[in-house]
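Q: Please find one structure pasted underneath; my questions will follow.
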Amino acid sequence: MLRLSELKLPLDHSAADLEAAITQRLRLAPGELRGHHLVKRSVDARRRGAIALVYCLDLELEGGAKRRLLRRFTGDPHLRPTPDSRYRPVALAQGDGAELRPIVVGAGPCGYFAALLLAQMGWRPLLLERGKAVKERTADTFGFWQGRRRFDPGSNAQFGEGGAGTFSDGKLYSQVSENPAYIRKVLEELVAAGADPEILTLHHPHIGTFKLATVVRGLRARIEALGGEVRFGQHVVELLLGDAPERRLAGVRLADGTAIACDHLALAPGHSARDTFAMLHRLGVAMEPKPFAVGVRIEHPQALVDRARWGEAAGHPRLGPAEYKLVHHCNAEANTGRSVYSFCMCPGGLVVGATSEEGCVVTNGMSQHSRRERNANSGLVVPITPEDLAPYAQEGEEALAGIAFQRHWERQAFHAGGGDYRAPAQWLEDFLEHRPSRESPPEAVVGSYQPGLRFGSLDGCLPAYVLDAIREALPVFARRIPGYAMAGALLTGVETRTSSPLRLQRHPTGLESLNTPGLFPAGEGAGHAGGILSAAIDGIKVAEAVALSLATPHRSTAPP
308 MLRLSELKLP LDHSAADLEA AITQRLRLAP GELRGHHLVK RSVDARRRGA IALVYCLDLE
368 LEGGAKRRLL RRFTGDPHLR PTPDSRYRPV ALAQGDGAEL RPIVVGAGPC GYFAALLLAQ
428 MGWRPLLLER GKAVKERTAD TFGFWQGRRR FDPGSNAQFG EGGAGTFSDG KLYSQVSENP
488 AYIRKVLEEL VAAGADPEIL TLHHPHIGTF KLATVVRGLR ARIEALGGEV RFGQHVVELL
548 LGDAPERRLA GVRLADGTAI ACDHLALAPG HSARDTFAML HRLGVAMEPK PFAVGVRIEH
608 PQALVDRARW GEAAGHPRLG PAEYKLVHHC NAEANTGRSV YSFCMCPGGL VVGATSEEGC
668 VVTNGMSQHS RRERNANSGL VVPITPEDLA PYAQEGEEAL AGIAFQRHWE RQAFHAGGGD
728 YRAPAQWLED FLEHRPSRES PPEAVVGSYQ PGLRFGSLDG CLPAYVLDAI REALPVFARR
788 IPGYAMAGAL LTGVETRTSS PLRLQRHPTG LESLNTPGLF PAGEGAGHAG GILSAAIDGI
848 KVAEAVALSL ATPHRSTAPP
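Position one of the sequence shown corresponds to residue 308 (our numbering), numbered consecutively onward.
This is the structure in structure tokens:
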């Protein structure tokens, strides 16, 4: 087959129009096009008055036509042979697999894909998750949001089956270029586990919170059907290491005192596993601080974003709720070197409580698959550098300074919110004018945050340089999205868990810890991914590294 890309058609085209556009673009004779298959569909909205759909298609052609087209379109980047994006395993277990089962820690997208790939290659992985299965976890999390249950540090928006991504928009795209075989593998496995097949063809696919719950149960069932095992309520509190200098992994100890022997561990703890990071630091596992970002959540009427993005086509069934992506590099002298960008934008979604510790307030955004809630929300965040963390670093614990920074401001937000997990909130006009919010402005957004809001000032909930940078960016963003700086837009604090504040260092090819053989740090929490898709792909890569090491048990992938 041949792959044709960048084929544009107007919004209201028919199936016949699409086929005609293919034959016209390639000047095909009748009968030469035998069929076509959708690969990707995206939206070109650069001209709001002439929004187009952009297709990438695989074409079935009569043999002579295929050869002629390849000669005629030599060098054309938009017509080429269909690439082979099939995934192929790197190693297969012999017999019953390894003597000691590989262990995976963490049932987020990285951990689940690491376990799934290991199971598919014949090693019967044991997956340990500190939280609960997704059904029980969902009851705990929604119960906390709705005021029906007390906050549970072990079962919440961060911990439990599915990881932090379960209560999110379920975005399945990444800004990082990845091997197409990895991307296709992740999407196909998600569909096999219950996701909508449309994620295979949308340019910006997403799953949505409720459907994610179904998908993670499907992934678990696939792992178990292949001989893997998933255990919940299994909190790993210590790694058991051999004697120095090699420090090879020998096993793990759980919170109940149980020890489990293992010599290959894929560690995918998620970005909020602060106690795990402290334990690893105590054991001397190689780690370093890394940049992350903090800020607030902002809410607008979804209709405002739709009009700004789609113009008169807003509401068209082929478009759906509009998204946006914004970035501003600060110009004011006081903010020199800072930038502000939108993060995890959720069309038609909700702002939710995402803390994993008592006495802290953390916000995040989520959407259902339909994206039908009245508000659009997004993080507005400012990067934090290792230099910003210096005041929070304890001697000898510099790698953990980002955690201390996050925790400090999350506690500040908790107190500003009234000490009952309500979040501090401020109307945009008041925020720009440096005055606490009291009365609602006309046409104010109805806030969606659960467990609830306490209006006042966001000053003191984040560093002044973060808030000042956001104040500079808001009028700039309003020039790109008319109405963005509306008086009644709502700011809710604080967004602090954008990514892990540290990185567990690993070998660039073998993916094994730099100083702890047998330990394979993985995913977003380990500082090697960001978002569901990239975390799942990193899980595949780590599974491959573990499988190759298991297949050659006397070979260490760590550097000498």
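Positions of the beta carbon are idealized from the N, C-alpha and C atoms, including for glycine.
Run the CB neighbour count on Ala323, radius 10 Å, all protein chains shown included, and call it buried at 16 or more, exposed below.
A: Burial call: exposed.
Q: Who are the near neighbours of Ala621 in its chain, counting only those whose CB is closer than 6 Å to its CB and skipping five residues on each side?
A: Same-chain partners within the cutoff: Asp613, Arg614.
Q: Below 8 Å on the Cβ atoms is my contact criterion, and I expect Pro416 with Gly470 to pass it. Report the Cβ-Cβ distance as a whole number of Å.
A: The Cβ separation is near 6 Å, so the contact holds.
Q: Around the Cβ of Thr445, are there at least 16 other Cβ atoms within 10 angstroms (buried) or fewer (exposed)?
A: Counting Cβ neighbours within 10 Å, Thr445 comes out buried, since at least 16 surround it.
Q: Would you decide whether Pro432 is buried or exposed? Buried here means 16 or more other CB atoms lie within 10 Å of its CB.
A: Answer is buried; the Cβ neighbour count reaches 16.
Q: Looking at the C-beta of Asp550, does it have a partner C-beta in chain B at a distance below 7 Å?
A: This model lacks chain B altogether; it includes just one protein chain.
Q: According to DSSP, simplified to helix, strand and coil, what is Asn684?
A: Asn684 falls in the strand class under three-state DSSP.
Q: At the level of alpha carbons, what is the spacing between Arg527 and Arg616?
A: Using only the alpha carbons, I get a separation of about 39 Å.
Q: Say whether the stretch 793-809 touches the stretch 520-538, bearing in mind that this needs 3 or more beta-carbon pairs closer than 8 Å, one atom from each stretch.
A: Taking 8 Å as the limit for Cβ pairs, the verdict is that the stretch 520-538 does not touch the stretch 793-809.
Q: For the pair the stretch 674-693 and the stretch 599-609, tell me if three or more CB-CB distances fall below 8 Å.
A: Because the criterion of three Cβ pairs below 8 Å is met, the stretch 674-693 and the stretch 599-609 touch.
Q: Going by the CB atoms, is the gap between Phe712 and Gly666 shorter than 7 Å?
A: Cβ atoms of Gly666 and Phe712: not closer than 7 Å.
Q: Quick check: what's the CA-CA separation for Asp727 versus Gly660?
A: Answer to the nearest angstrom: the Cα atoms are 12 Å apart.
Q: Quickly, what does DSSP pair Ala874 with across the bridge? List them, please.
A: No information on residue 874 is available, as it lies outside the stretch 308 to 867 that the chain covers here.
Q: What's the gap between the Cα of Arg678 and the Cα of Glu326?
A: Arg678 and Glu326: Cα-Cα distance of roughly 31 Å.
Q: Are Leu366 and Leu311 touching if we call contact CB-CB under 7 Å?
A: Contact: yes.
Q: For the candidate residues Leu386, Trp734, Gly429, whose alpha-carbon lies nearest to that of Leu314?
A: Ranking Leu386, Trp734, Gly429 by Cα distance to Leu314 puts Leu386 first.
Q: Within 10 Å of its beta-carbon, does Pro552 have 16 or more other beta-carbons around it, so buried, or fewer, so exposed?
A: Classification of Pro552: exposed, given that the 10 Å Cβ count is below 16.
Q: Since Phe474 and Ser807 should fall inside the 8 Å C-beta cutoff, what is the C-beta to C-beta distance between them, to a whole number of angstroms?
A: With a Cβ gap of about 18 Å, Phe474 and Ser807 do not count as contacting.
Q: Could you check the C-alpha separation between Ser392 and Leu309 for me, to the nearest Å?
A: So the alpha carbons of these two residues sit roughly 14 Å apart.
Q: Quick one, which of Val537, Tyr648, Leu407 has its alpha-carbon nearest Gly418's?
A: For Gly418, the nearest C-alpha among the options comes from Val537.
Q: Pick out whichever of Ser747, Ala641, Val441, Leu760 has its Cα sitting closest to the Cα of Gly454.
A: Checking every option, the nearest Cα to that of Gly454 belongs to Leu760.
Q: Near Gly501, what residues of its chain come up, given a Cβ to Cβ distance below 8 Å and the 5 sequence neighbours on each side ignored?
A: Lys518, Thr521, Val522, Arg524, Gly525, listed in sequence order.
Q: Taking the C-alpha atoms as reference points, what is the distance between Ser764 and Ala610?
A: Each residue's alpha carbon lies about 27 Å from the other.
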